[in-house]
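Chemist: Here it is, the structure in full.
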Amino acid sequence: MAQTQQLIDALKRTLKAHGLTYADVAHHLQLSEANVKRLFAKRRFTLERLDQVCQLMEMEISDLVQEMNDRAGAAAISGLSVEQEAEIAANLELLLVTVCVLNRWTLDQIVERFRISEHRCIQHLAKLDRLRLIELLPKNRVKLLVARNFKWQENGPIQRFFQEKIEAEFFSSRFDHTDERLIVVNGMLAESSNRVFQRKMEHLAREFDELNDDDAKLALDDRTGTTVVIAMRPWSYGLFDSLRKAGKTGKPKNKKRSR
């Protein structure tokens with residue numbers, strides 16, 4: 000019941016942020032305003048009703064749940080400063096330990112699989128404790144302090160490190176195993192469609208995070224390190240540049256209709 004209250008509270012906050020009132024919701028649901036107020040007061044929203052209200056705000060239920068979780072974990076950190084990221088990226092061992100603990104590895108699991116002594120690993124964990132990424136508990140147990148929406152700085156030290164060091168290695172694959180997949184699509188999108196697709200990409204990334212959280216309770220041997228790259232950009236093949244007419248960008252101009 001407590002989580003239901005949190006979800007309804009999140010719905011109220013989100014409606015207010017969108018400048019929407021009970022009257023707007025009533026009109027959208029084709030109900031009286033009194034009935035809508037009763038739904039909120041008694042917290043008797045069906046999934047269908049909840050989805051309809053989210054549609055009014057051009058959201059999905061998963062967005063609402065994310066807002067609720069963000070509020071509940073407001074004390075948790077959602078990112079590090081550029082300076083803090085640079086400190087981690089400059090030390091390969093520290094970066095490895097950081098990635099491991101973010102994926103719920105224990106101290107014993109780290110030292111068992113990598114050439115890092117227990118003493119060195121504890122030093123790295125203490126550093127992450129000072130950065131408030133984790134809380135180092137008695138017996139060197141680790142408590143994560145990051146929010147569900149934690150992410151590295153865009154174009155920051157960590158992101159650049161992975162782009163520079165790992166990008167070529169990651170794509171050095173035929174992607175033909177059962178646990179691999181590569182999908183490349185291209186077309187010509189309007190700006191509005193581009194924004195819609197970017198939102199879908201963000202939803203997909205959150206679903207990956209949710210699956211990662213769900214699987215964290217499984218034994219380490221039952222999980223495999225997995226990386227997903229989701230990217231899009233306006234782009235045309237440079238291979239065709241030699242065939243392009245001078246001054247032409249490849250984007251057709253709107254022709255005036257003849258009268």
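Under numbering that gives the first Met the number 0, the residue at position 67 of the sequence shown is numbered 66, and the numbers go up by one with no gaps. Where is the CB? At the ideal position from N, CA and C, for every residue including glycine. Note that the structure is predicted; figures quoted are calculated from it, not measured.
(1) From the DSSP output, read off the bridge partner residues of LEU143.
(2) Given a threshold of 16 other Cβ atoms within 10 Å of its Cβ, counted over all protein chains shown, does TRP104 qualify as buried or as exposed?
(3) Look at ALA146 and ILE60 and say whether their C-beta atoms are less than 8 Å apart.
(4) Can you check whether the CB of LEU94 is closer than 8 Å to the CB of ALA88?
(5) As a quick exercise: from ILE133, PHE174, LEU238, pick the residue whose alpha carbon is nearest that of VAL183.
(6) Per DSSP, which one or two residues make a beta bridge with ILE76?
(7) Does DSSP classify ASP62 as helix, strand or coil?
(8) Could you give the DSSP three-state label for ARG42: helix, strand or coil?
(9) If you run the structure through DSSP and keep just helix, strand and coil, what is GLN83?
(10) Please work out which residues of its chain come closer than 8 Å, Cβ to Cβ, to HIS26, disregarding the five sequence neighbours upstream and downstream, and give them in chain order.
(11) So, LEU55 versus VAL100, is the Cβ gap smaller than 8 Å?
(12) What distance in whole Å lies between the Cβ atoms of LEU135 and LEU144, which are believed to be in contact at a cut-off of 8 Å?
(13) For a test of the three-state rule: what should DSSP assign to ASN68, helix, strand or coil?
(14) Using 8 Å as the threshold, is the C-beta distance between GLY224 and TRP151 below it?
(15) Less than 8 Å between the C-beta atoms of LEU6 and LEU63, yes or no?
(16) Are the Cβ atoms of ARG194 and GLN65 separated by less than 8 Å?
(17) For THR3, name the three-state secondary structure that DSSP assigns.
(18) Around the C-beta of THR45, are 16 or more other C-beta atoms found within 10 angstroms, so that it is buried, or is it exposed?
(19) Just to confirm before moving on: does the CB-CB distance between THR226 and PHE169 stay below 8 Å?
(20) Taking the beta carbon of PRO233 as the centre, do at least 16 other beta carbons fall within 10 Å, making it buried, or is it exposed?
(21) Taking the straight line between their C-alpha atoms, what separation do you get for LYS216 and ARG114?
(22) Which whole-angstrom value is the C-beta distance of GLN108 and LEU219, which I expect to be below 8 Å?
(23) Please list, in chain order, all residues of the same chain as SER191 whose beta carbon is under 7 Å from its beta carbon, the five residues on each side excluded.
Modeler: The relevant details are as follows:
(1) The sequence position of residue 143 within the sequence shown is 144, counting from 1. Answer is ILE133.
(2) Working through the sequence shown from its first residue, we reach residue 104 at position 105. Looking at its Cβ environment, which holds 16 or more other Cβ atoms inside 10 Å, TRP104 is buried.
(3) As a first step, residue 146 is located in the sequence shown; it is residue number 147 there, counting from the start. As a first step, residue 60 is located in the sequence shown; it is residue number 61 there, counting from the start. Contact: no.
(4) The sequence position of residue 88 within the sequence shown is 89, counting from 1. The sequence position of residue 94 within the sequence shown is 95, counting from 1. Yes, these two residues count as a Cβ contact at 8 Å.
(5) Translated into positions along the sequence shown, residue 183 becomes position 184. If you compare the alpha carbons of ILE133, PHE174, LEU238 with that of VAL183, the shortest gap goes to PHE174.
(6) Position 77 of the sequence shown, counting from 1, holds the residue named residue 76. Answer by DSSP bridge pairing, in chain order: VAL145.
(7) Here residue 62 is taken as the residue at index 63 of the sequence shown, counted from 1. Three-state result, ASP62: helix.
(8) As a working mapping, residue 42 is identified with position 43 in the sequence shown. Here ARG42 carries a coil assignment [DSSP, helix/strand/coil].
(9) For the purposes of this step, residue 83 is taken as the residue at position 84 of the sequence shown. Helix, per DSSP.
(10) In the sequence shown, residue 26 corresponds to position 27, counting from 1. Around HIS26: no qualifying Cβ.
(11) Working through the sequence shown from its first residue, we reach residue 55 at position 56. Working through the sequence shown from its first residue, we reach residue 100 at position 101. No, the pair does not count as a contact, with Cβ atoms beyond the cut-off.
(12) Residue mapping note: residue 144 aligns to position 145 of the sequence shown, counting from 1. Residue mapping note: residue 135 aligns to position 136 of the sequence shown, counting from 1. No, LEU144 and LEU135 are not in contact; Cβ-Cβ is about 11 Å, not under 8 Å.
(13) Along the sequence shown, read from residue 1 onward, the residue named residue 68 stands at position 69. Judged by DSSP in its simplified three-state form, ASN68 adopts helix.
(14) Working through the sequence shown from its first residue, we reach residue 224 at position 225. Working through the sequence shown from its first residue, we reach residue 151 at position 152. GLY224 is not a Cβ neighbour of TRP151, given a cutoff of 8 Å.
(15) Against the sequence shown, residue 6 aligns to sequence position 7. Against the sequence shown, residue 63 aligns to sequence position 64. Against a cut-off of 8 Å, the Cβ pair of LEU63 and LEU6 comes out as a contact.
(16) In the sequence shown, counting from the first residue as 1, residue 194 sits at position 195. In the sequence shown, counting from the first residue as 1, residue 65 sits at position 66. No, the pair does not count as a contact, with Cβ atoms beyond the cut-off.
(17) Reading the sequence shown from its first residue, position 4 is the one you call residue 3. In the structure shown, THR3 falls within a helical segment according to DSSP collapsed to helix, strand and coil.
(18) For the purposes of this step, residue 45 is taken as residue 46 along the sequence shown, with counting starting at 1. Around the beta carbon of THR45, fewer than 16 other beta carbons lie within 10 angstroms, which makes this residue exposed.
(19) Position 227 of the sequence shown, counted from the start, is the residue given in the question as residue 226. Position 170 of the sequence shown, counted from the start, is the residue given in the question as residue 169. Cβ atoms of THR226 and PHE169: closer than 8 Å.
(20) Residue numbering aside, residue 233 sits at position 234 when the sequence shown is read from its first letter. Answer is exposed; the Cβ neighbour count stays below 16.
(21) Sequence index remark: in the sequence shown, residue 216 carries index 217 (1-based). Sequence index remark: in the sequence shown, residue 114 carries index 115 (1-based). Rounded to whole angstroms, LYS216 to ARG114 spans 25 Å at the Cα level.
(22) Along the sequence shown, one-based indexing puts residue 108 at 109. Along the sequence shown, one-based indexing puts residue 219 at 220. Yes, they are in contact, since the Cβ atoms of GLN108 and LEU219 sit about 6 Å apart, within 8 Å.
(23) Here residue 191 is taken as the residue at index 192 of the sequence shown, counted from 1. Here the set comprises nothing.
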